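Chains as they are written, first to last, in the working numbering: chain A, 559 to 659; chain B, 1188 to 1658.
We put the CB at the ideal spot given by N, CA and C, even for glycine.
Computed from a predicted structure; not experimentally measured.
A quick write-up on the structure given underneath.
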Amino acid sequence: MLKTKTVAWRRSPLLESATPCQITVDGHLIAAVAGECLATALAAGGYVALGASPGGRIRGVFCMMGVCQQCVAEVDGIIRPTCMVVVREGMDVRLSLEALS
Amino acid sequence: MTEQAFDLAVIGAGPAGAAAAIEAAQHGLSVALVDEQTAPGGQVYRAPVHSAVAAGAEGIRLRDRVEASGVSHFRERTVWHVAQGFTVSCVSAAGVERVSAPRLVVAAGTVENVLPVPGGTLPGVIGLAGATILLKAHGTIPAGPTVVAGVGPLVYAVAAGILAAGGQIAAVADLAGPRDWAARLPALASRPSILAQGLRWMAEIRRAGVKLRFRHTVVAVDGKRSVTAVLLAPVDRTWRIRAGREETVIADSLAMGHGLVPAGEIAQALGVEHVFRAEAGGFVPRLDDFQRSTVAGLYLAGDGAGIAGAEAAGLAGRLAGLAVARDAGMLEERAFEEKARPVQRALARAARFGRAISALMAMRPGLLDLVAQDTVVCRCEDLDRAVIEGAAAAGAQDLNQLKSSTRCGMGPCQGRICGEFAARILARHHGVNREVIGLWTARAPFRPVPLDSLVGAFEYADIPKPTFDPR
């Protein structure tokens, strides 16, 4: 199943025509670009809420340089800041949204 | 785990670290350049993550020079520990590595302050520095209307960059006014090309018909699951809100930044003496005229040693590289002095420009009044201003006491995002200067690292057990 939601960020047209690939986000297949940043792929695929704070507030990409840790997700079984992850075909991403009501 | 020995280890491959590494290598030292990114450039000359995204000229030049220098570049390495003497421990997809060297240059750069406002934790709000990375490294822009706000040249760089990439800017809100910029003109005019660049950005923003608001701030962000509107208000000279003239701007992204703070945790953890210099962004390492710190063999350069901008960073890096070569016995005293002197002069000039920008961006007292009691300051632990004020009222005098009584700064970012605002709230509460509040105690791990990558793969039988030997 290909998931389509509102696009939050738009890639450069040059990236759009680069090697396409597919990644899985919480079990849904989304289209991405091999070699792009995972946070970018998620935002272009409509995923802006990536997790929740201890108090249940929605969390998303914030610093884009691996400092704030707000954009972390489980990538192929390891929790990593998505802004520091390079997309590869078949990547399995799990967001941590259970704390959200 | 692998361990490799070098004459010099450099942490950070931005303009400062790269220049230090290249200079030392040119004098015959073996150099390891350790960095978190896929390619040298730091945040200012950040390399595109994908070949389809065009790179800036300075970044290309810097990467070519590192490539040609013979420096061993350890890329995509997260430094999580540095031991005295020095051993740099890093973790990457390949596992755990150590780089050891008798000399170490730390060029760790900065972190950005972002004003805590109601709704400021919503997805769609990103830092100004983060927005430049989106543009430079990822060729990506917000899809919908965007508000760009805060203070400093990045406000204009980001707004003009998004426009040039075909994006839509709903409004630009600069805390500084035309008079603040004009007051810095003499220093800014010392770098005509950079000044011209800034004026070009401003002209492009005006030409696009974008709402440009001087002496304005973001006061709140509206939205349920992500940003839907941004509330702006005019401020006075102290950045205190002037009542009654608020403006709601419909937007689904907000990029804002409120100045930079040196990322000093590695030097602090290694025991380098720090001094407080407001014009350089706060606590900075005490250095001699050649970038040597108070710890033997440890040198610092770039914005991580005090905010002075990219050009000054490159020159300070060169100076550190020369000092390393001299101290390692690879450069005679006379030749060292001859080579260092022009670099020091150029550094003084470049730093003058950088400090003028830094002074323009220095936080003014009214900004703190914008942080309401129920506004989240510490994002990791969801702590609002009232919690910090409560701890202060209960006796928390410094950042460490605040941390142990509230968990503020104890989350995964380790206080890097909220630290400056938390410290200023404490300082305001107690009526003392910012420097009295101090810093969090810096300790490893400097970044969150997966435990299993530190421990490595092992079987139960691999765990050493003492043999039973009753004697």
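Could you please give the first and the last residue of the uninterrupted beta strand (DSSP E) stretch that includes THR1327(B)?
For THR1327(B), the enclosing beta strand (DSSP E) covers residues 1327 to 1329.
Per DSSP, PHE1130(B) forms a beta bridge with which residues?
Since the first residue shown for chain B is 1188 and the last is 1658, residue 1130(B) is missing from the structure and cannot be characterised.
Per DSSP, HIS1268(B) is paired with what?
SER1276(B)
Between which two residues does the alpha helix (DSSP H) holding MET1443(B) run?
It is not in any alpha helix (DSSP H) - MET1443(B) instead sits in the beta strand (DSSP E) that spans 1440 to 1444.
Enclosing beta strand (DSSP E) for ALA1420(B) [first to last residue]
Counting along the chain, the beta strand (DSSP E) containing ALA1420(B) begins and ends at 1416 to 1421.
To test your reading of the DSSP string, which unbroken alpha helix (DSSP H) runs of 4 or more residues are found completely within the segment 1363 to 1438 of chain B?
1365 to 1370, 1372 to 1375, 1379 to 1394
Cross-chain neighbours of GLN1660(B) in chain A, by beta carbon under 8 Å
Residue 1660(B) cannot be examined here, being either before or after the span of chain B that is shown, 1188 to 1658.
Beta carbons nearer than 8 Å to chain B: which residues of the segment 605 to 619 of chain A have them?
VAL606, ALA607, LEU608, SER611, PRO612, GLY613, ARG615, ILE616, ARG617, GLY618, VAL619
Checking the sheet assignment: what are the DSSP bridge partners for SER654(A)?
DSSP lists GLY609(A) as the bridge partner or partners of SER654(A).
The beta strand (DSSP E) that contains GLN1191(B), what's its start and end?
1189 to 1192
Would you tell me roughly how many angstroms separate the C-alpha atoms of ARG1250(B) and VAL1448(B), rounded to the nearest one?
26 Å
Whole alpha helix (DSSP H) elements within the segment 1446 to 1500 of chain B, 4-residue minimum:
1452 to 1456
Take ARG1412(B) as the anchor and find which of ASP584(A), GLY609(A), ALA597(A), ALA599(A) has the nearest alpha-carbon.
GLY609(A)
Please say whether VAL630(A) and ARG1603(B) have beta carbons closer to each other than 9 Å?
No.
Counting only Cβ-Cβ distances shorter than 8 Å, please list the residues of the segment 577 to 592 of chain A near chain B, keeping chain order.
VAL591
Chain B partners of THR598(A), CB-CB under 7 Å?
HIS1325, THR1327
Tell me the DSSP secondary structure of THR562(A) in three-state form.
Because the pLDDT of THR562(A) is 43, which lies under 50, any placement of that residue in the model is unreliable, and the question is left without a value.
Smallest Cα separation from ASP1639(B): which of ALA1324(B), ALA1648(B), GLY1282(B), GLU1223(B)?
GLY1282(B)
Helix, strand or coil at GLY1577(B) according to DSSP, with G and I counted as helix:
helix
Interface partners of ARG569(A) on chain B, CB under 8 Å
HIS1325, GLY1326, THR1327
How about THR564(A): is its C-beta nearer than 9 Å to some C-beta of chain B?
yes
Rounded straight-line distance, which links the Cα of VAL1240(B) to that of ILE1381(B)
In a straight line, the C-alpha of ILE1381(B) is about 23 Å away from that of VAL1240(B).
Near VAL643(A), which residues of its chain fall below 6 Å by C-beta distance, leaving aside the five closest residues on each side in sequence?
So the qualifying residues of the chain are LEU596, VAL633.
Measuring alpha carbon to alpha carbon, tell me which of GLY1199(B), ALA1205(B), HIS1214(B) ends up nearest LEU1509(B).
Here the closest residue by C-alpha is HIS1214(B).
Examine chain B for any beta-carbon lying closer than 9 Å to the beta-carbon of ILE653(A), and answer yes or no.
Inspection of the sequence shows that residue 653(A) is occupied by Leu rather than by Ile. Closer than 9 Å: no.
Return the residue from the list ILE1428(B), MET1597(B), LEU1570(B), ALA1578(B) that minimises the CA-CA distance to GLY614(A).
Of the candidates ILE1428(B), MET1597(B), LEU1570(B), ALA1578(B), the one whose C-alpha sits nearest the C-alpha of GLY614(A) is LEU1570(B).
Let me know if LYS1652(B) comes out buried or exposed under the rule of 16 or more other beta-carbons within 10 Å of its beta-carbon.
Burial state of LYS1652(B) is exposed, judged by a 10 Å Cβ sphere holding fewer than 16 other Cβ atoms.
Hey, how far is the Cα of GLU1519(B) from the Cα of ARG1464(B)?
GLU1519(B) and ARG1464(B): Cα-Cα distance of roughly 33 Å.
Limits of the alpha helix (DSSP H) - the one that VAL1138(B) falls within:
Because chain B is modelled from 1188 through 1658, residue 1138(B) falls outside the range shown and cannot be assessed.
C-beta neighbour in chain B for GLU594(A), strict 9 Å
yes
First and last residue of the uninterrupted alpha helix (DSSP H) at ASP1251(B):
The continuous alpha helix (DSSP H) containing ASP1251(B) extends over residues 1244 to 1256.
Taking DSSP as the reference, what is the three-state secondary structure of ILE1356(B)?
strand
Taking ALA1543(B) and ARG1371(B) to be in contact with their CB atoms under 8 Å, please state how far apart those CB atoms are, rounded to whole angstroms.
5 Å
For the beta strand (DSSP E) containing HIS1214(B), name the first residue and the last one.
Unbroken run through HIS1214(B): none, as it is neither H nor E.
Of the choices LEU1502(B), VAL1359(B), THR1333(B), whose alpha-carbon is the least far from that of GLN1531(B)?
LEU1502(B)
Would a check of beta-carbon distances place PRO1635(B) closer than 9 Å to chain A?
True, the Cβ-Cβ gap to chain A drops below 9 Å.
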